[in-house]
Amino acid sequence: MLVIEPAALDDDECVRAWAGSGAMHLTGPASGPPAVSPAGIVRPLLGLGDALASATGRLGTGVRVDPEALAAQRAAFTGFGRSGSRSPGGYAQMVRARDGWLALSLPRPSDIETLPALVGAAVPAGDWTGIESRIASMTAADVVQQGSELGLAVAAIGATPAPQQPWSVRCERPARPRRGQASVVVDLTGLWAGPLAGGLLAEAGCRVLKVESGSRPDGARRGPAGFFELLNRKKRHLSMDLPEPEALDRLRELIAEADLVLEASRPRVMQQWGISPAEVVAAGTTWVSITGHGRNGRHANRIAFGDDAAASGGLVMPGEPPMFVGDAIADPIAGLAAASVAAHTLAEGRAALVDVSLAGASAWVRAHAAVPIDRPVIENDGCWQVELTDGPVAVAPPAVSDRITTRPKAAK
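Counting from 194, one number per residue, gives the positions in the sequence shown under the numbering used here.
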């Protein structure tokens, strides 16, 4: 199976790439300088990019991306900025438990309404100070347990150990014979990580069909239209009345005709639909599952979003409080990892059940980032610069790209 090797860059090369990516601009205190110390994550990110290029090249069309700039693309469309211990998107917040820090994501109105149940007290949902006070009296494990049972995305900082690779593979076997020149991919995913993986496979020449529920379409459609188009521009689209019986029958037919399925729901969803990923793989089709905390074990049905999952993997700026690195950075990491391993299995003629967890992929990147990098960051005429041995390099804001395989246009 595919093994990722981090790129061999020195610290200054990492800083130069980090500063130019837009992701550094999103990291650090809202009223202070952008943070240079996470620049080492460029090494594993470039390793993933190299693996993607190699695997897709074997499929016929090599796909090259700028991974660190890709991580800032959503913010390029939304205009998000760094906010320290609050995520750039504003929905995730670092909160202190009795024995450590947590990341808590509250992107839906129902999440806010659930907060009194989380803390087990009659605190008004809008009383954030009261909620924080109650969480501070609880252990991190208790908050995570209670939050998981309530369907909240909450994670203890660094709770997820680093895996050997940013995915796990089970049930590997020979793939069924391909029916056409191009691999057929059914994309059942939404938001960012899964659609990114599907978009990259489409750029590699795969025939990708994006399937959405008519009653619950991809949540990314509620965001910037340009970002949704960036991830899905080369896919065919099909809306179905899921989970109605006739629609599920048609979905099973599509899956049976596919070479690979991309899916990003909690495992219990497919169980409720009567679809077994293991049986799909046994028939010779690869199933790539993008999860929050893995398909198996007691965390299998925990909900996660990109900011809290990255924090669970330890991909944060240490401090009191810790600060988020980038914008929901677990999503582009997991999407890039999923596309790389998916392309590899297709190129190898293998079928497998692949699990790419947002938290695990983030922990893998953190583990291969080496030690924090220290370089002076100064403000010059209203712009931030990093001082390197051969001169300063500007910290670029996120820049919009019209394709996921091209370098974003430089900000003017």
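Beta carbons are placed, not taken as given, at the ideal position from N, Cα and C, and that holds for glycine.
Just so it is clear, the structure is predicted and the values come from calculations on it, not from any experiment.
Per DSSP, the bridge partner or partners of residue i
i      : result
Gln286 : Arg279, Leu297
Arg366 : Ala544
Ser458 : DSSP lists no partner for Ser458.
Ile571 : Gln578
Trp480 : Val454, Leu546
Ala517 : A quick correction: the sequence has Phe, not Ala, at residue 517. Paired residues: Val509.
Val347 : Leu297
Ser406 : Met433
Asp380 : Lys403, Leu455
Proximity below 8 Å, CB of residue i to CB of residue j
i      : j      : result
Arg257 : Thr478 : no
Ile350 : Val288 : no
Gly180 : Ala368 : Beyond the ends of the chain as shown, which are 194 and 605, falls residue 180; an answer cannot be given.
Leu343 : Leu311 : yes
Leu539 : Ser376 : yes
Asn494 : Pro470 : no
Ser432 : Glu456 : no
Pro525 : Leu219 : no
Val586 : Arg209 : yes
Val379 : Leu402 : yes
Asp411 : Gly391 : no
Leu297 : Ala315 : no
Leu345 : Ala532 : no
Ala232 : Ala265 : no
Ala521 : Phe498 : yes
Thr353 : Ala228 : no
Pro417 : Trp557 : no
DSSP three-state assignment for residue i, whether helix, strand or coil
i      : result
His430 : strand
Met510 : strand
Ala318 : coil
Ile522 : coil
Gln358 : coil
Trp466 : coil
Lys605 : For Lys605, the predicted structure reports a pLDDT of 35, less than 50, and the residue's modelled location is therefore unreliable. A value from the coordinates is still provided. Here Lys605 sits in coil by DSSP.
Ala587 : strand
Arg400 : strand
Asp411 : coil
Ser555 : helix
Gln374 : coil
His561 : coil
Ala212 : helix
Ala386 : helix
His492 : coil
Ser330 : coil
Leu444 : helix
Pro309 : helix
Asp607 : Outside the shown range of the chain, which is 194 to 605, sits residue 607, and nothing can be said about it.
Thr598 : coil
Ser533 : helix
Reference residue i; option with closest CA among the options
i      : options                        : result
Asp583 : Gln464, Arg568, Gly519, Asp595 : Arg568
Ala201 : Ile234, Pro222, Trp557, Met217 : Ile234
Leu239 : Trp480, Ile571, Ser550, Leu529 : Leu529
Trp211 : Leu308, Arg400, Pro565         : Pro565
Pro281 : Asp500, Ser555, Ala563, Ala545 : Asp500
Ala395 : Gly283, Gly250, Arg209, Phe517 : Gly250
Ile483 : Gly340, Ser505, Ser458         : Ser458
Thr332 : Asp292, Cys364, Trp360, Thr307 : Asp292
Asp595 : Arg372, Leu424, Gly313         : Leu424
Ile324 : Asp548, Glu306, Ser341, Ala334 : Glu306
Gly277 : Gly512, Ser555, Val473         : Gly512
Ser330 : Ser341, Asp520, Tyr284, Gly313 : Gly313
Val347 : Gly319, Ala502, Ile197         : Ala502
Arg414 : Cys399, Ser533, Trp385         : Trp385
Arg275 : Leu435, Phe517, Val570, His486 : Phe517
Ala616 : His492, Gly487, Ala527, Val474 : The structure shown has nothing for residue 616, since the chain only spans 194 to 605.
Gln465 : Ala246, Pro436, Glu261         : Pro436
Ala355 : Ser505, Gly387, Gly575         : Ser505
Gly283 : Cys576, Ala223, Met463         : Ala223
Leu381 : Ile448, Asp304, Pro514         : Ile448
Pro370 : Gln338, Asp304, Ala451         : Ala451
Ser408 : Gly387, Pro417, Ala418, Asp434 : Asp434
His492 : Gln339, Asp243, Leu508         : Gln339
Unbroken beta strand (DSSP E) runs of length 3 or more, entirely within the region 227 to 277: which are they? none
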